[in-house]
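Residues 12 to 404 (my numbering) make up the sequence shown, in order.
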Amino acid sequence: MSKKLTLGLFGFGVVGQGLYDIIKTKELNLSIKKFVIKHAEKKRSLPSELFTTNAGAILNDPEINTVVELIDDAEAAFQVVSTALKSGKNVVSANKKMIAYHLKELVNIQQEYGTSLLYEGSVCGSIPIIRNLEEYYDNELLHSVTGIFNGSSNYILSKIFNEDMSYDKALRQAQDLGFAETDPTLDVGGFDPKFKLTIVASHAYGLYLNPDEILNIGITHLANPDIHYAREKNLKIKLVPTAREINDRQVILYVLPKLIKPSNILYGVENENNGVLVKAAFADEQFFYGKGAGGHPTGSAVLSDITALRYDYRYEYKKHLGAANLSYSDDWEITVYLRYEDESLIEKLGFIELLERHYALDFKYVIGRINLSKIWQHRDLINREGNFIAEFS
Ligand code: HSE
């Protein structure tokens, strides 16, 4: 028998509205009692008595046994989620930033209070990757998890490459369609996919990681020469997060733009779609594909978590118990394309091997092998107007 859920929702934005649209089409053993929102003055599509700005109306209501947190502000979300879990309520959240920064604390709270926090909707929208990493890949040796984890930047890159649209126009469209974060720097700067990577790596390898220690460089400084270069070589540029076990003790993690060949399965992942490519020792390569942003796709993942709570589903974090010997490293060589302005940058980066150099007055680039730790060390210099870096596959 499923448990009856009485829900309190924090937030009624793109995902909250999307979730509501889906719930009202279903006969589920659940009801929504209250929405807590930030802006009381905004016109809503539901009766006004359902809305309040008082968090206590949900957190202090004993009848509400399930909290759904869909707000923007990661620190406010952490307060809501931790308070709810401590007061015996199960929680569903789609807040990747909040989960990436607070996962360890949240796991401890769940264990201490016997409550459950689910967050499938926080990573790659509709793609069920967390539950698969947790359950299906429970005993698999995972070599790597990589892919396209951000719908907005992928939408922008698709529009640029396929329709010659300008970066600014494509970004505006991604915002209008409800894909982008309130601060779109999180998307195009590679922060949002980094938060998702942190969560994915935690469920893949049992590691608790601090997102501030993981390299992310986004597509903000992509310019025409890079687009021409990629097109000429029949490549596309995608923003790709990577988690890879480099030996039985160390995992590397980073988010960088990547030049992708047509033979790579990510080449065909366009617009707001996401893809997660898992490489495992025995299952070999597996690919998950689906919409990574938007109210309904993300709402469907949130609903899947809500309905799982009717049967008291919880993540067990089993890998975290056995991960004591595994640690994070950035000592790893990769090949990159780097367009640059100032020659001194090339010296500072200490390339292990330069495979190609191109000098022209307005377009200088190198292709070379470099240690990730050097990119991390000089990330602020690289991530400036006039430079653009992309991994070369
Ligand atoms: N801004 C995010 C994206 C929303 O574009 O992927 C979904 O997490």
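From the three backbone atoms N, C-alpha and C, an ideal C-beta is built for every residue, glycine too.
Keep in mind that this is a model prediction, so the values were computed, not measured.
Between residue i and the ligand HSE, is there a pair consisting of the residue's CB and a ligand heavy atom that are separated by less than 8 Å?
i, result
"Glu80", "no"
"Leu282", "One detail in the question is off: residue 282 reads as Asn in this sequence, not Leu. Flag unset: Cβ of Asn282 not near the ligand HSE."
"Glu327", "no"
"Lys107", "yes"
"Thr209", "no"
"Glu192", "yes"
"Leu197", "yes"
"Asp203", "yes"
"Phe299", "no"
"Thr94", "no"
"Ala185", "yes"
"Gly427", "Any answer about residue 427 is impossible in this case: the structure gives the chain only from 12 up to 404."
"Asn227", "no"
"Ala68", "no"
"Ala371", "no"
"Thr309", "yes"
"Gly286", "no"
"Ala181", "no"
"Ala111", "no"
Determine whether the beta carbon atoms of residue i and residue j lie at a separation below 9 Å.
i, j, result
"Gly19", "Lys44", "yes"
"Asn165", "Leu250", "yes"
"Glu5", "Ala312", "There is simply no residue 5 to check, as the chain begins at 12 and stops at 404 in what is shown."
"Ala181", "Ile171", "yes"
"Val199", "Gly162", "no"
"Ser37", "Arg321", "Checking the displayed sequence, the identity of residue 37 turns out to be Lys instead of Ser. No, the Cβ-Cβ distance between Lys37 and Arg321 is not below 9 Å."
"Val347", "Ala291", "no"
"Gly397", "Asn382", "no"
"His232", "Asn394", "yes"
"Lys302", "Gly189", "no"
"Ile75", "Lys100", "yes"
"Val289", "Glu296", "yes"
"Leu41", "Thr77", "yes"
"Ile271", "Ser404", "yes"
"Thr209", "Leu220", "yes"
"Phe21", "Lys108", "no"
"Leu366", "Ile378", "yes"
"Thr63", "Lys49", "no"
"Ile69", "Val47", "yes"
"Arg325", "Gln121", "yes"
"Ile276", "Val103", "no"
"Ser133", "Ile110", "yes"
"Phe374", "Pro236", "yes"
"Pro273", "Asn245", "yes"
Distance check for residue j and residue i, CA to CA, integer angstroms please.
i, j, result
"Lys247", "Val266", "16 Å"
"Ser155", "Pro73", "43 Å"
"Ile34", "Phe89", "25 Å"
"Leu349", "Tyr376", "5 Å"
"Ile138", "Ser177", "29 Å"
"Val79", "Ala105", "9 Å"
"Glu256", "Ala241", "29 Å"
"Pro204", "Val287", "12 Å"
"Leu57", "Tyr31", "10 Å"
"Glu174", "Ile167", "10 Å"
"Asn285", "Glu364", "33 Å"
"Gly306", "Arg390", "34 Å"
"Tyr300", "Asp323", "27 Å"
"His113", "Gly67", "22 Å"
"Ile386", "Leu152", "28 Å"
"Glu243", "Leu372", "19 Å"
"Asp194", "Asp84", "11 Å"
"Leu314", "Ile140", "15 Å"
"Thr253", "Thr157", "4 Å"
"Pro308", "Thr126", "26 Å"
"Leu61", "Leu39", "19 Å"
"Ala191", "Glu327", "31 Å"
"Ser169", "Ser13", "43 Å"
"Glu354", "Glu86", "41 Å"
Against chain B, does residue i count as a neighbour if the rule is that its beta carbon must be under 9 Å from one of theirs?
i, result
"Gln121", "The question asks about chain B, but that chain is absent: this structure has only one protein chain."
Pairs of beta-carbons, one from the stretch 329-343 and one from the stretch 205-224, closer than 8 Å: are there three or more? yes
Is it a yes or a no for the stretch 135-149 touching the stretch 213-221, going by three-plus beta-carbon pairs under 8 Å? yes
What runs of the alpha helix (DSSP H), each 4 residues or longer, lie entirely inside the stretch 359-389? 383-388
Would you call the stretch 109-124 and the stretch 91-99 in contact, with 3 or more CB pairs under 8 Å? yes
Mind pulling the beta strand (DSSP E) runs of 3 or more residues that sit fully within the stretch 323-354? 338-340 and 344-350
Entirely within the stretch 149-198 and at least 4 residues each: give me those alpha helix (DSSP H) ranges in chain order. 162-174 and 178-187
For the stretch 73-145, which segments carrying the beta strand (DSSP E) assignment without a break, of at least 3 residues, lie completely within its bounds, in sequence order? 77-80 and 101-104
Counting only runs of 4+ residues fully inside the stretch 185-260, write out the alpha helix (DSSP H) ranges in chain order. 196-199, 202-216 and 235-243
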